[in-house]
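Inspection log for the structure reproduced underneath, given as structure tokens.
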Amino acid sequence: MKLWTLLFMAFLPFAAHALEVGDTLAPWTLLDQYDQPYTFGDDAQILMVARSMDAAKIVNGALQNAPKTFLESRHAVFVADIQKMPAIIAKMFAVPAMRAYSYRVMLDRDSRVVPRYPGDAEKVLVLRLHNGKVVSQAQFDNAEALRGALAQP
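Whatever position you read off the sequence shown (first residue = 1), add 12 for our numbering.
This is the structure:
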């Protein structure tokens with residue numbers, strides 16, 4: 013019996029924690045595609061999370077014709093998990109290609125931030141925030157729906 017209790021306690025921190033409305037998000041710092049640091053904090057009102065290349069393509073499609081200040085004007089942050097991408101591909105091709113985007117991408121190179129926000133790997137998770145607390149959350153699997161959600165105040 014003690015063994016099971018010890019095993020349960022040992023693996024408890026690895027259990028996925030679903031986000032709830034009212035949860036406070038912990039701050040973090042990541043580098044963007046220009047290797048510039050960004051610290052996530054209470055000023056963010058929208059957090060978009062992409063766990064896969066397919067999800068990142070949805071964000072890119074939603075922001076393709078948006079003005080350069082679109083995300084900043086909405087206090088929105090986009091974080092992409094690129095840990096699964098081979099480092100040489102990221103360094104030589106993917107990250108330089110991201111520099112052509114008209115928006116910042118916070119790159120989670122070690123998958124240390126994105127796992128905090130559970131969701132479907134093929135969808136974009138959008139968290140609406142107020143003073144660092146989750147107000148609402150939704151997932152999007154197409155660019156048009158994401159664009160419409162981001163256009164709302």
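Note that beta-carbon positions come from the ideal geometry of N, C-alpha and C, so glycine has one too. Being a predicted model, the structure only gives us computed values, none of them experimental.
Checklist entry - Is D97 helix, strand or coil by DSSP? => result In the sequence on display, residue 97 carries Met and not Asp. Coil, per DSSP.
Item to check | Where the alpha helix (DSSP H) containing F82 begins and where it ends | outcome: F82 to S85
Item to check | Top-ranked residue by Cα proximity to V61, from R111, V125, E84 and A161 | outcome: Measuring from the Cα of V61, the nearest candidate turns out to be V125.
Checklist entry - Under 7 Å, do V146 and V33 count as touching if we go by C-beta distance? => result yes
Item to check | Same chain, Cβ closer than 7 Å to T36, neighbours up to 5 away in sequence not counted | outcome: G144 and K145
Next on the checklist: Classify K135: buried if its beta carbon has 16 or more other beta carbons within 10 angstroms, exposed otherwise.
Outcome noted: Buried is the call here.
Checklist entry - Mind checking if I58 is an interface residue toward chain C, Cβ cutoff 7 Å exclusive? => result Any reference to chain C falls outside this structure, which holds one protein chain only.
Checklist entry - Considering M60, what are the terminal residues of the alpha helix (DSSP H) in which it resides? => result Here M60 belongs to no alpha helix (DSSP H); instead the beta strand (DSSP E) covers I58 to A62.
Item to check | Collapsed DSSP secondary structure at D66 in the structure displayed | outcome: helix
Checklist entry - Which of helix, strand or coil does DSSP assign to L137? => result Here L137 sits in strand by DSSP.
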